[in-house]
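Going letter by letter, the sequence shown gives residues 1 to 351 in this note's numbering. Glycine included, every Cβ here is placed at the ideal spot set by N, Cα and C. It should be emphasised that the depicted structure is a prediction, and the values quoted were computed from it without experimental measurement. First the structure, in the form of structure tokens, and then the observations on it.
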Amino acid sequence: MRIKRYEGSDIQEVLQRIKSELGRDAVILHSQRLRKGGFLGLGAKLRYEVLAATDLNTVASPPTPSPSVPPPQDNDLAMEEIKRLKQEIQSLRASLGLMAQGRNTEPLNALTSVGVDPEVAAKLLEDGHPQTREELVQKVASAFSLAGPLLNGNSRQVVALIGPTGVGKTTTIAKMAAVASLDQKAKVALVTSDTYRIGAVDQLRTYCQILRLPLDVALSPDEMQAAVAAHQDKDLILIDTVGRGQRHSLQLSELGAMLRAANPTQIHLVLSASSDRYVMMEVVEKFGALGADRLIFTKLDEAVRPGELVNVASATKMPVSYFTDGQKVPEDLHLADPILLAERIVGDYHA
Ligand SMILES: Nc1nc2c(ncn2[C@@H]2O[C@H](COP(=O)(O)OP(=O)(O)OP(=O)(O)O)[C@@H](O)[C@H]2O)c(=O)[nH]1
Ligand SMILES: [Mg+2]
Numbered sequence: 001m002r003i004k005r006y007e008g009s010d011i012q013e014v015l016q017r018i019k020s021e022l023g024r025d026a027v028i029l030h031s032q033r034l035r036k037g038g039f040l041g042l043g044a045k046l047r048y049e050v051l052a053a054t055d056l057n058t059v060a061s062p063p064t065p066s067p068s069v070p071p072p073q074d075n076d077l078a079m080e081e082i083k084r085l086k087q088e089i090q091s092l093r094a095s096l097g098l099m100a101q102g103r104n105t106e107p108l109n110a111l112t113s114v115g116v117d118p119e120v121a122a123k124l125l126e127d128g129h130p131q132t133r134e135e136l137v138q139k140v141a142s143a144f145s146l147a148g149p150l151l152n153g154n155s156r157q158v159v160a161l162i163g164p165t166g167v168g169k170t171t172t173i174a175k176m177a178a179v180a181s182l183d184q185k186a187k188v189a190l191v192t193s194d195t196y197r198i199g200a201v202d203q204l205r206t207y208c209q210i211l212r213l214p215l216d217v218a219l220s221p222d223e224m225q226a227a228v229a230a231h232q233d234k235d236l237i238l239i240d241t242v243g244r245g246q247r248h249s250l251q252l253s254e255l256g257a258m259l260r261a262a263n264p265t266q267i268h269l270v271l272s273a274s275s276d277r278y279v280m281m282e283v284v285e286k287f288g289a290l291g292a293d294r295l296i297f298t299k300l301d302e303a304v305r306p307g308e309l310v311n312v313a314s315a316t317k318m319p320v321s322y323f324t325d326g327q328k329v330p331e332d333l334h335l336a337d338p339i340l341l342a343e344r345i346v347g348d349y350h351a
């Protein structure tokens, strides 16, 4: 591990220096604003001090042979097996219930095979048997409610995206920024508080340069508040945040402080559609406490069991704002129309 202290008057310039010396994977250990020089507080200059680190071992040490997949833990395997058996029993029970009423079990099987929980599926199908694919799509769509578009009328919107690491927050922000500024001709600014990885600021800056949009980096809640206040003239301020693990309560409370300072009008919780319902529900519980009021589902293109989204929407009753199904900016961003989502989940089922 190599740790180095950097100082400068411009935070962007300091981050650039860290990146060129320590590389894109460097992480920020600590950052603060300082007032230096002057006399009795007069004429002092604002400086930024950043402590950055990089893991030299990954570069310097010779590669050690290691299996590409870590050996699974016995406990994890047992838990997976229990979850699978539980779902199978629930599925059989729901099928038997339908059979006892002399009803077709195919729609139920179609839903459970893509990951919809058997009890959730049985509830969706309880009043009336879908005769066609369209009817099944309608029933699945009833599990979702649409949160509506980012910009609605003339009011200024401050929109924060939060969620676990790597789910697609920054890419989705870039997609939203492109749609709002290019298609809707809205005045847009971006603010990021993700200075954890040097590469993260760069990633967003690249999009902002292409779209010719301003980007502010906020190192602290005070800077977040100032950045949001500085863009009073904008229709839309998009706030990117650092990815946090739902089990790290300290990290979550830091994120909470940033959100309070930003005082957003909308907080979108970003969930990867390729996670299972247990992970998603835990994420909703922990991030929901920070004020998330709508969901975004990303990576639908990678989801093996897209029906998990029905389980999450049914259990949380949270409205869904957008879903994404690829890395392309901005084409792969879609308004979360419940019918469109249900179409993806039902797939090519034929009644
Ligand atoms: N297949 C697919 N990949 C996506 C989608 N959205 C984002 N990605 C990819 O997922 C990876 C992570 O995306 P980011 O936007 O950096 O995720 P993040 O949540 O900002 O990550 P952190 O800031 O590190 O927490 C990138 O390679 C993206 O291109 C999607 O809808 N489908
Ligand atoms: Mg990011």
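Straight-line Cα distance separating residue j from residue i
| i | j | result |
| --- | --- | --- |
| Thr170 | Ala289 | 22 Å |
| Gln203 | Gly168 | 12 Å |
| Leu108 | Ala121 | 6 Å |
| Thr54 | Gln225 | 30 Å |
| Ala200 | Lys83 | 36 Å |
| Leu287 | Gly245 | Reading off the sequence, residue 287 comes out as Phe, not Leu. In a straight line, the C-alpha of Phe287 is about 10 Å away from that of Gly245. |
| Ala336 | Thr316 | 16 Å |
| Ala147 | Arg277 | 21 Å |
| His231 | Leu213 | 12 Å |
| Thr241 | Lys299 | 19 Å |
| Ser275 | Ser142 | 22 Å |
| Met280 | Gly291 | 16 Å |
| Lys139 | Leu125 | 7 Å |
| Thr324 | Ile3 | 38 Å |
| Leu29 | Leu211 | 30 Å |
| Leu46 | Arg35 | 5 Å |
| Ile18 | Ile198 | 8 Å |
| Pro338 | Ser145 | 7 Å |
| Gly326 | Glu302 | 8 Å |
| Gln87 | Glu7 | 56 Å |
| Glu254 | Thr132 | 49 Å |
| Leu77 | Leu85 | 12 Å |
| Asp183 | Thr172 | 16 Å |
| Glu80 | Leu250 | 29 Å |
| Tyr322 | Asp194 | 22 Å |
| Glu106 | Ala351 | 8 Å |
| Val59 | Arg24 | At Val59 the pLDDT is 40, less than 50, meaning the model places this residue with poor confidence; the figure from the coordinates comes in the next sentence. Taking the straight line joining both Cα atoms gives about 13 Å. |
| Ser9 | Val304 | 48 Å |
| Arg205 | Ile239 | 13 Å |
| Ser155 | Arg260 | 20 Å |
| Gly128 | Val137 | 13 Å |
Closest Cα partner of residue i within the set the options
| i | options | result |
| --- | --- | --- |
| Arg33 | Ala26, Gly23, Gln16 and Ala44 | Ala44 |
| Gly97 | Lys123, Lys86, Pro264 and Ala303 | Lys123 |
| Leu151 | Arg93, Lys19, Ile345 and Gln266 | Gln266 |
| Ile89 | Thr112, Asp74 and Glu106 | Thr112 |
| Ala342 | Gln232, Glu135 and Tyr48 | Glu135 |
| Val188 | Gln138, Ala177, Ile28 and Pro130 | Ala177 |
| Glu49 | Ala78, Leu77, Ala26 and Arg5 | Arg5 |
| Ala362 | Lys36, Arg35 and Leu15 | Residue 362 lies beyond the range of the chain shown here (1 to 351); nothing can be said about it. |
| Thr192 | Ala186, Ile237, Leu211 and Arg156 | Ile237 |
| Pro306 | Thr172, Leu77 and Gly347 | Gly347 |
| Pro118 | Tyr322, Gly153, Gly37 and Leu92 | Leu92 |
| Pro149 | Gly166, His129 and Val179 | Val179 |
| Gln209 | Leu219, Val304 and Leu190 | Leu190 |
| Gly166 | Asp222, Gly243 and Arg156 | Gly243 |
For residue j and residue i, believed in contact at Cβ under 8 Å, the rounded distance
| i | j | result |
| --- | --- | --- |
| Leu161 | His268 | 5 Å |
| Arg294 | Pro319 | 5 Å |
| Lys175 | Leu333 | 4 Å |
| Val158 | Val228 | 6 Å |
| Ala262 | Phe297 | Incorrect: roughly 23 Å between the Cβ atoms, too far for contact. |
| Val352 | Gly163 | In this structure the chain extends from 1 to 351, so residue 352 is not present and cannot be described. |
| Val329 | Tyr207 | 7 Å |
| Ile11 | Val312 | The Cβ separation is near 37 Å, so there is no contact. |
| Ala186 | Asp233 | With 8 Å as the limit, Ala186 and Asp233 do not qualify as a contact, their Cβ atoms being about 12 Å apart. |
| Ala110 | Tyr349 | 5 Å |
Residue range of the unbroken beta strand (DSSP E) whose run includes residue i
| i | result |
| --- | --- |
| Lys187 | Unbroken run through Lys187: none, as it is neither H nor E. |
| Asp216 | Leu215 to Val217 |
| Arg5 | Arg2 to Gly8 |
| Val27 | Val27 to Lys36 |
| Glu49 | Lys45 to Thr54 |
| Asp240 | Leu236 to Asp240 |
Residue span of the alpha helix (DSSP H) that contains residue i, given as start and end
| i | result |
| --- | --- |
| Val14 | Ile11 to Leu22 |
| Val346 | Pro338 to Val346 |
| Glu126 | No alpha helix (DSSP H) holds Glu126; DSSP gives it neither H nor E. |
| Gln138 | Arg133 to Ala141 |
| Arg244 | Segment: none, Arg244 is in no alpha helix (DSSP H) and carries neither H nor E. |
| Ala351 | Looking at the DSSP string, Ala351 is not in any alpha helix (DSSP H), and its letter there is neither H nor E. |
| Thr112 | Glu106 to Ser113 |
Closer than 7 Å: residue i CB and nearest ligand 3 heavy atom
| i | result |
| --- | --- |
| Gly245 | Ligand 3 is not among the ligands present in this structure, which contains only ligand 1 and ligand 2. |
Minimum length 4: unbroken alpha helix (DSSP H) runs contained in the region 144-228: Counting only runs of 4 or more, we get 169-178 and 198-211.
Counting only runs that start and end within the region 272-333, where is the alpha helix (DSSP H) found for 4 or more residues in a row? 277-288 and 308-316
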